[in-house]
Amino acid sequence: MNRTDTPVTVIGLGLMGQALAGAFLKAGHPTTVWNRTTSKADGLVARGARLAPTVGDAVAAGSLTIICVTDYQAVRELLGTSDVELDGTTLVNLTSGDSAQARETARWAEQRGARYLDGAVMAVPPAIGTPEAVILHSGPQADFDAHKPTLDALGTVTHLGADHGLASLYDVAGLAMMWSVLNAWLQGTALLRTAGVDAATYAPFAQRIAAGVADWLPGYAEQIDSGSFPAEVSALETDARAMAHLIEESEAVGVSAELPKLFKAMADRSIAAGHGGEQYPVLIEEFSRAPGPPTTGPVRACQGARFSVPVASSAPAGAFTGRGVPVSSRTNSGTPRASARARASCAYPAREKQRQSADSVMAVSHRHSTSRRVAGRTAGSTSATTPRAARPIPDGGR
């Protein structure tokens with residue numbers, strides 16, 4: 002069958018589910034839909050969709066099922082009933098959840114005979130079906146490749162890797178970026194408002210600063226991946242002095258200093274651990290540190306180390322394996338690095354495919370307007386341009 006002959010089922014007709022089904026219909030796919038509240042299918046039925054009477058009937062209508070509901074529990078409740086036969090179906094789950102839920106649901110679906118891809122939709126409903134809609138997928142490459150011509154109807158689809166949890170992790174990583182940028186901008190806006198400068202005047206300057214900082218990321222990423230942080234631009238101890246100035250200025254003009262104090266607390270811990278002469282990305286050790294007392298003592302070489310991330314059995318050779326590089330770097334004082342450095346040096350995934358995937362995501366995302374990228378999820382949907390945790394709780398097709 003060619004791409005417009007492939008039948009598709011969409012379960013869950015919040016605003017996002019309706020947009021997904023509409024895109025498949027527009028591309029010419031025979032589309033079956035199901036929703037707990039059947040009236041939400043009226044517009045789609047008028048355009049040619051078939052409304053299935055039960056979830057089991059909907060799944061049986063074709064080999065590809067897209068589900069977009071409230072949460073992962075709803076996915077299992079809907080698909081786990083006795084009348085639903087998943088054997089032979091490819092299930093693409095675009096429902097909000099975390100990486101552990103994605104991996105667990107993948108196992109659950111595969112035990113029932115389904116092929117499973119997890120996903121995240123980085124678009125508002127009106128963008129679905131256009132190149133601006135970025136849809137991330139994770140799971141077996143072969144399953145993605147088999148259905149990519151059909152999934153292309155939704156927008157710019159990207160495969161991140163075999164680990165089913167990757168789409169959710171990219172999603173929340175984007176959320177971290179979004180909130181961090183917005184909070185930094187709000188801090189600066191609050192400071193400037195004390196001098197009569199409005200937000201609209203500051204915004205273009207802030208955009209230039211954000212774009213300039215973004216240009217540093219590839220080089221900083223190389224430092225993190227190599228576990229070496231030479232101070233090519235500025236040492237962390239210099240940055241910490243500037244943070245102190247930001248705190249003092251904020252307090253002097255009556256603006257909250259909570260955010261800059263958080264920056265400085267992390268920098269101070271890193272400096273106390275002997276990293277003051279290194280460059281800012283050395284703070285990855287603080288971000289990677291689990292709650293509790295800091296790890297001390299010598300770091301052993303870790304030949305053959307591996308990540309503890311579950312990997313699908315179909316993952317390509319070398320995926321999510323350690324580099325087996327012994328750790329020999331030490332702090333300026335000569336003491337061994339903390340364990341986070343060991344993890345950075347010798348236990349991270351093969352990255353080339355992930356970089357290519359991220360590049361394709363960013364190439365599209367760069368074309369989006371700022372408002373489209375950060376717009377929240379519309380009520381009744383389960384995906385949007387913002388990472389999923391930032392969006393209102395959808396109705397899950399009820």
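Note that the numbering used here numbers the sequence shown so that position 288 is 289, with each residue one more than the last.
C-beta atoms are modelled at their ideal positions from N, C-alpha and C, and glycine is treated no differently.
Just so it is clear, the structure is predicted and the values come from calculations on it, not from any experiment.
- Task: Could you give the DSSP three-state label for Ser-100: helix, strand or coil?
- Result: To locate residue 100, count along the sequence shown from 1; it is residue 99. Correct three-state label for Ser-100: helix.
- Extent of the continuous alpha helix (DSSP H) to which Ala-196 belongs: Taking the first residue of the sequence shown as 1, we reach residue 196 at position 195. Run containing Ala-196: none; DSSP gives neither H nor E here.
- Item | Where the beta strand (DSSP E) through Val-9 begins and ends | In the sequence shown, counting from the first residue as 1, residue 9 sits at position 8. Where Val-9 is concerned, the enclosing beta strand (DSSP E) stretches over 9–12.
- Considering only C-alpha positions, which residue in the set Ala-50, Trp-186, Met-123 and Tyr-203 is nearest to Ser-169? Residue numbering aside, residue 169 sits at position 168 when the sequence shown is read from its first letter. Looking at the Cα atoms, Met-123 is the closest of the given residues.
- Message: Applying the 10 Å Cβ sphere with the 16-neighbour rule, what's the burial state of Leu-263?
- Response: What you label residue 263 is simply residue 262 of the sequence shown in a count that begins at 1. Answer is exposed; the Cβ neighbour count stays below 16.
- Item | Boundaries of the alpha helix (DSSP H) in which Thr-151 is found, first to last residue | What you label residue 151 is simply residue 150 of the sequence shown in a count that begins at 1. Element bounds for Thr-151: 142–152.
- Please check the pair Leu-21 and Thr-39, which I expect to be a contact at CB under 8 Å, by giving their CB distance rounded to whole angstroms. Walking along the sequence shown from the start, residue 21 turns up at place 20. Walking along the sequence shown from the start, residue 39 turns up at place 38. Leu-21 to Thr-39, Cβ: 17 Å. No contact.
- Task: Assign Gly-114 to one of two classes, buried (16 or more other C-beta atoms within 10 Å of its C-beta) or exposed (fewer than that).
- Result: Residue mapping note: residue 114 aligns to position 113 of the sequence shown, counting from 1. Under this definition Gly-114 is an exposed residue.
- Between which two residues does the beta strand (DSSP E) containing His-246 stretch? Here the question's residue 246 lines up with position 245 in the sequence shown. Careful: His-246 lies outside any beta strand (DSSP E), inside the alpha helix (DSSP H) at 237–253.
- Message: Let's test the definition: count the other Cβ atoms within 10 Å of the Cβ of Asp-119 and tell me whether it reaches 16, buried, or not, exposed.
- Response: If you number the sequence shown from 1, residue 119 lands on position 118. Answer is buried; the Cβ neighbour count reaches 16.
- If we count Cβ pairs, one from each stretch, closer than 8 Å, do we get three or more for the stretch 183–195 versus the stretch 86–106? no
- Item | Nonlocal neighbours in the same chain, by C-beta distance under 8 Å from Gly-63, ignoring five residues either side | Locating residue 63 in the sequence shown gives position 62, counting from the first residue. Here the set comprises Thr-7, Pro-8, Val-9, Thr-10, Pro-31 and Thr-33.
- Task: Have a look at Tyr-171 and Ser-227 and give me their C-alpha separation to the nearest angstrom.
- Result: On the sequence shown, position 170 is the one that residue 171 refers to. On the sequence shown, position 226 is the one that residue 227 refers to. Looking at the two C-alpha atoms, the distance is approximately 21 Å.
- Message: On a Cα-Cα basis, can you pick out the residue from Ala-258, Arg-270 and Ala-274 that is closest to Leu-187?
- Response: Sequence index remark: in the sequence shown, residue 187 carries index 186 (1-based). Of the listed residues, the one whose Cα sits closest to Leu-187 is Ala-258.
- Query: Can you tell me whether DSSP reads Val-283 as helix, strand or coil?
  - Reply: Taking the first residue of the sequence shown as position 1, residue 283 is located at position 282. Helix, per DSSP.
- For Gly-277, I'd like the list of residues in its chain whose CB is within less than 7 Å of its CB, leaving aside the five on either flank, ordered along the chain. The residue given as residue 277 occupies position 276 in the sequence shown. Answer for Gly-277: Ala-236, Leu-237 and Glu-238, listed in chain order.
- heavy atom of the ligand SAM below 7 Å from Ala-212 C-beta: Looking for the ligand SAM in the displayed structure turns up nothing, as the structure carries no ligands at all.
- Throw me the rounded Cβ distance for the Thr-159 and Val-135 pair, which I believe falls under 8 Å. Counted from its first residue, the sequence shown places residue 159 at position 158. Counted from its first residue, the sequence shown places residue 135 at position 134. Going by Cβ atoms, the distance from Thr-159 to Val-135 rounds to 7 Å, so yes, they are a contact pair.
- Item | Between the CA atoms of Gly-13 and Gln-112 - distance to the nearest angstrom | Taking the first residue of the sequence shown as position 1, residue 112 is located at position 111. Taking the first residue of the sequence shown as position 1, residue 13 is located at position 12. Rounded to whole angstroms, Gln-112 to Gly-13 spans 23 Å at the Cα level.
- Best match in Trp-217, Thr-91, Ser-97 and Ser-289 for proximity to Val-70 [C-alpha to C-alpha]: As a working mapping, residue 70 is identified with position 69 in the sequence shown. Here the closest residue by C-alpha is Ser-97.
- Exposed or buried, which one is Arg-242 when buried takes at least 16 other CB atoms within 10 Å? The residue given as residue 242 occupies position 241 in the sequence shown. With fewer than 16 Cβ atoms within 10 Å of its Cβ, Arg-242 is classed as exposed.
- Presumed contact (8 Å Cβ cut-off) between Ala-24 and Gly-130, rounded CB distance: Within the sequence shown, residue 24 is the residue found at index 23, counting from 1. Within the sequence shown, residue 130 is the residue found at index 129, counting from 1. Going by Cβ atoms, the distance from Ala-24 to Gly-130 rounds to 4 Å, so yes, they are a contact pair.
- Identify the continuous beta strand (DSSP E) that holds Asp-119 and give its terminal residues. The sequence position of residue 119 within the sequence shown is 118, counting from 1. Counting along the chain, the beta strand (DSSP E) containing Asp-119 begins and ends at 116–123.
- Item | For Val-85, three-class secondary structure by DSSP | Counting from 1 along the sequence shown, the entry for residue 85 is found at position 84. Of the three classes helix, strand and coil, the one that applies to Val-85 here is coil, per DSSP.
- Message: Given this structure, state the Cα-to-Cα distance separating Leu-80 from Arg-209, to the nearest angstrom.
- Response: Here residue 80 is taken as the residue at index 79 of the sequence shown, counted from 1. Here residue 209 is taken as the residue at index 208 of the sequence shown, counted from 1. When rounded, the distance between both Cα atoms is 48 Å.
- Cβ neighbours of Ala-61 in the same chain (closer than 8 Å, five flanking residues each side left out): Working through the sequence shown from its first residue, we reach residue 61 at position 60. Glu-86.
- Message: Rounded to whole angstroms, what is the Cα-Cα separation between Tyr-117 and Phe-145?
- Response: What you label residue 117 is simply residue 116 of the sequence shown in a count that begins at 1. What you label residue 145 is simply residue 144 of the sequence shown in a count that begins at 1. Going by the C-alpha atoms only, they are around 9 Å apart.
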